[in-house]
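Participant: Numbering (the working numbering), first residue to last: 878 to 1476.
Glycine is no exception: its CB is placed at the ideal position from the N, C-alpha and C atoms.
Quick one: the structure is below, questions incoming.
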C-alpha cells in the first residue's frame, strides 16, 4: 500500500496465514484414563468425547443425597492450568447455584485429596472454574446431589503449553580493535536499501606512550546489512570523545535516518545528517550537562519533530533539546533527577498519549519518572526504589494489561527489578529476577511468538545472555543462556525481516558486535489482522489489532525495493493502547508502502 498524500484514508486486509501461540490447550481424555465410584446403581460414568468429558444423561443426578467421584489419571504429570465444569440447567432463585457448591476439583496431596479453590462459581456465570496451575498426574471431581440440583453436563480440562524455547544463530563482526570499546548499538536503514543496518558507538580508551596516538575513542562505526542479517563495515564517523550512546532518528524531516551520539568526555551531543546514500555529514555539536550517558529521540511537544533528551551522570540532570523543525535544536529544559543517572527511556507511562521520561539513577538505587504535560514540559512523578546500581531500563507491557511496565537492570545486585504499572503512571513492585553478576542491559520483546514480552539480559561477568520467557501475565522463567564476547550489552530489532526479533550485542572488550538471528519455532498463526491507514490532523496513522501476536509491521519507500524494512526505527515508535498497535508519522514521512507479516 502506497501513501502519497496524508489526506488519504485507506485500509488493507492481508490474505496471510498465521496466528498466536496458545498458552493453554484442551486435554484429550480417553476412556482408559477414567475411574469412578459406584455409590448408587443408576450412576453412569462420564465418557470421553472429542477431548471433553461429557454425557447425554448427566452425572450426579440420582434421587436422594448421593455422593460420587470421577478420577482422571494422565499417566505422567502434566501442568494443568485450570478446569471448567458446566451444568445442563440453572435453578432460578438458588443462591447456592444449583448445588455446584457441592462440587469439588481435587488434586493429590500427601496420600489424600486436596480441594482446589474455585475461581468462579456464581449464578450469573452459570459455570464453575478452578485454577489448578499444578503439575499433577491425577485430578478428581467430587460431587454431592440431593436429586434436585443440576446435572454436571460437561467437564473441560486445560493444560498449560509452554512456549517454544528461544534459539539463535550467531555471527560476529569487527568494529575495531580491542581498544575501540563498542558499547551501544542503534538500528536504521542508512542507505535506503530496505535493510536495517547497525551503528556502533565506540567508547573505548587507548593507552599510549608519549608521542603515540591515544585517548578516548571518537568514532561511530556503520555496519551495513548485506543480506539476511550479514554485516560489513561501511564507514567510521568522527564525533565527540567517549560516545556512550547513539540513536538513529530523522531529525530534519527528509525521510532519512540521521545519527546522534552522546559524548561523555566532551559533555556534548553530535548530530550527523544522512545524505541519502549511507554517508553522513557533520550537522551540529550540542552542549549538554556533565557526562551525558544516555540518549533518546522522541517528540516531547507533539509537533511531529523529534526532540532529544539525555541524562547527565555528572550533573544529576536531564537535558531536553527541542527540535525547531529542520534538525536545529534549542535547549528547552534541564530537569533534576537522582544521583548519577546513566540511562534514559521514553514511554507513555500514564496513558495520556505523551512520551514521559524515566531515568536510572545509579548512585541512588532508584528510577525517576518525569511525566509530560503535553507541551514538552515535565513534572516530577515518582522515585522508584530498585536494586543496587541500576544500569539500564526497559519499558514494555509485561503482563498484558496494555500498560507500560518497567524493568530495571541492577548491576550491583545481580538482579532485574520488575515494576508493574497501575494504570495512572504509578508503579508497584512485582518481582526480582536473579540474572548473574554484573548485568548491563536488557531487551524486552516477544522472542517466541506467544504475544508476551520476554526479557533477555546481558551479563558482563559471565559474558553471556540470559533469556527469561514470559508466561503472559508478567511471570518469567529462565529459558536458556547464550555465550557472547567480553563485556556485552544487548539490543533488539528484526534484522532479516522475517518477523522475529533478533539481537545485536556489542562486546566492549573484544571490539566486536555479535548478531544473533532468531530461529525460534513460532507457532502457526490462525488470524488475519486488518491494517488500516488514516489521516489524523497533520499526520498519518497506521494501525492494526493489538491482539495479533507474531505479526510485525514492515515498510519500504518504493514498491520495487528489494526488501521490506521493519517499521518503528525512524524515531517514531509503535504505540500499543491495548486495542490497537499503531505507528503515527508526519506528512513528510507518508510516502511509504506498508504490510503486516507473520513468519
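Only counting runs of 3 or more residues, tell me where the beta strand (DSSP E) segments fall wholly within the region 1289–1317, in order along the chain.
Facilitator: The qualifying runs are 1292–1298 and 1304–1311.
Participant: Inspect the CB distances between the region 1359–1367 and the region 1412–1421 and report whether three or more fall short of 8 angstroms.
Facilitator: Because the criterion of three Cβ pairs below 8 angstroms is not met, the region 1359–1367 and the region 1412–1421 do not touch.
Participant: Could you tell me whether the Cβ atoms of residue 1300 and residue 1278 are closer together than 9 angstroms?
Facilitator: Their beta carbons are under 9 angstroms apart, which means residue 1300 touches residue 1278 by this criterion.
Participant: For residue 904 and residue 1148, what's the separation of their Cα atoms in angstroms?
Facilitator: Cα to Cα, residue 904 sits roughly 58 angstroms from residue 1148.
Participant: Does the separation of the CB atoms of residue 1067 and residue 1096 fall below 9 angstroms?
Facilitator: No.
Participant: Using the three-state DSSP reduction, which class does residue 1057 fall into: helix, strand or coil?
Facilitator: Residue 1057: coil per DSSP, three-state reduction.
Participant: How long is the line joining the alpha carbons of residue 1003 and residue 961, rounded to whole angstroms?
Facilitator: Here the model assigns residue 1003 a pLDDT of 44, short of 50, so the residue's position is not dependable, and the following value carries that caveat. Cα-Cα distance, rounded: 11 angstroms.
Participant: Taking the straight line between their C-alpha atoms, what separation do you get for residue 1073 and residue 1018?
Facilitator: Rounded to whole angstroms, residue 1073 to residue 1018 spans 55 angstroms at the Cα level.
Participant: Using 8 angstroms for Cβ pairs, my map puts residue 1341 next to residue 1312. What's the rounded Cβ distance?
Facilitator: In fact, because the Cβ distance is near 10 angstroms, the residues do not count as touching under 8 angstroms.
Participant: Report the residue from 1416, 1408 and 1324 whose alpha carbon sits nearest the alpha carbon of residue 1431.
Facilitator: Cα-wise, what sits closest to residue 1431 is 1408.
Participant: What would DSSP say about residue 1429, mapped onto helix, strand or coil?
Facilitator: Strand.
Participant: Quick check: the region 1248–1256 against the region 1264–1272, are there 3 or more CB pairs under 8 angstroms?
Facilitator: The region 1248–1256 is not in contact with the region 1264–1272.
Participant: So, is residue 924 buried or exposed, given that buried needs 16 or more other C-beta atoms within 10 angstroms?
Facilitator: Confidence at residue 924 is low in this model, with a pLDDT of 43, below 50, so the placement of that residue should be treated as unreliable; the coordinate-derived value is given next. Its Cβ having fewer than 16 others within 10 Å, residue 924 is exposed.
Participant: Once you ignore the five residues that flank residue 1474 on each side, which residues in its own chain have a CB closer than 6 angstroms to its CB?
Facilitator: Taken in chain order, the residues that qualify are 1376, 1429 and 1431.
Participant: Can you give the Cα-Cα distance for residue 1169 and residue 1384, rounded to whole angstroms?
Facilitator: When rounded, the distance between both Cα atoms is 21 angstroms.
Participant: When you compare the CB positions of residue 1172 and residue 1124, do they come within less than 9 angstroms of one another, or not?
Facilitator: It is a contact, given that the beta carbons lie within the stated cut-off.
Participant: Is there contact here, the region 1318–1332 with the region 1258–1267, by at least three beta-carbon pairs under 8 angstroms?
Facilitator: The answer is no - the region 1258–1267 does not touch the region 1318–1332, with fewer than three Cβ pairs under 8 angstroms.
Participant: What is the rounded straight-line gap between the Cα of residue 1397 and the Cα of residue 1256?
Facilitator: Approximately 42 angstroms, taken between the alpha carbons.
Participant: What separation, rounded to the nearest whole angstrom, lies between the Cα atoms of residue 1221 and residue 1406?
Facilitator: Distance between the alpha carbons of residue 1221 and residue 1406: 33 angstroms.
Participant: Could you name each continuous beta strand (DSSP E) segment of 3 residues or more that falls completely within the region 1315–1358, going from the start of the chain to the end?
Facilitator: As far as the region 1315–1358 is concerned, its whole beta strand (DSSP E) runs of at least 3 residues are 1316–1322, 1331–1336 and 1341–1347.
Participant: Taking just the CA atoms, how far does residue 1153 sit from residue 1077?
Facilitator: For residue 1077 and residue 1153, the distance between alpha carbons rounds to 19 angstroms.
Participant: For residue 909, which three-state DSSP category applies?
Facilitator: Three-state result, residue 909: helix.
Participant: In or out: residue 1456 buried (at least 16 other Cβ within 10 Å) or exposed?
Facilitator: Residue 1456 comes out exposed.
Participant: Since I believe residue 1138 is in contact with residue 1165 (beta carbons under 8 angstroms), could you give me their beta-carbon distance rounded to a whole number of angstroms?
Facilitator: In fact, because the Cβ distance is near 12 angstroms, the residues do not count as touching under 8 angstroms.
Participant: Are the CB atoms of residue 1233 and residue 1241 within a distance shorter than 9 angstroms?
Facilitator: Contact: no.
Participant: For residue 1077, which of helix, strand or coil comes out of DSSP?
Facilitator: If DSSP states are grouped into helix, strand and coil, residue 1077 belongs with the strands.
Participant: Between 1274, 1275 and 1237, which lies nearest to residue 1262 when the distance is taken from Cα to Cα?
Facilitator: Nearest C-alpha to residue 1262: 1237.
Participant: Helix, strand or coil for residue 1012? Go by DSSP, reduced to three states.
Facilitator: Strand at residue 1012.
Participant: For residue 1446, count neighbouring C-beta atoms within 10 Å of its own C-beta (all shown protein chains included) and say buried if the count is 16 or more, exposed if not.
Facilitator: Buried is the call here.
Participant: Output needed for residue 1343: all residues of its chain with C-beta closer than 6 angstroms, excluding positions within five of it in sequence on either side, in chain order.
Facilitator: For residue 1343, where only same-chain residues beyond five positions count, the Cβ hits under 6 angstroms are 1312, 1334 and 1358.
Participant: According to DSSP, is residue 1360 helix, strand or coil?
Facilitator: Residue state, collapsed to three classes: strand.
Participant: Is residue 1133 near the ligand MG, going by C-beta to nearest heavy atom under 8 angstroms?
Facilitator: For the structure depicted, the ligand MG is absent and the ligand set is empty, with no information on it obtainable.
Participant: Are the Cβ atoms of residue 1347 and residue 1369 separated by less than 9 angstroms?
Facilitator: No, the Cβ-Cβ distance between residue 1347 and residue 1369 is not below 9 angstroms.
Participant: Determine the extent of the beta strand (DSSP E) in which residue 1473 is found, giving its start and end residues.
Facilitator: 1470–1474 is the span of the beta strand (DSSP E), which, as asked, contains residue 1473.
Participant: Taking Cβ positions, are residue 1014 and residue 954 nearer each other than 9 angstroms?
Facilitator: Taking 9 angstroms as the Cβ cut-off, residue 1014 and residue 954 qualify as a contacting pair.
Participant: Comparing alpha-carbon positions, which option in 1053, 1463, 1116 and 1469 lies nearest residue 1130?
Facilitator: For the residues 1053, 1463, 1116 and 1469, the minimum Cα distance to residue 1130 belongs to 1463.
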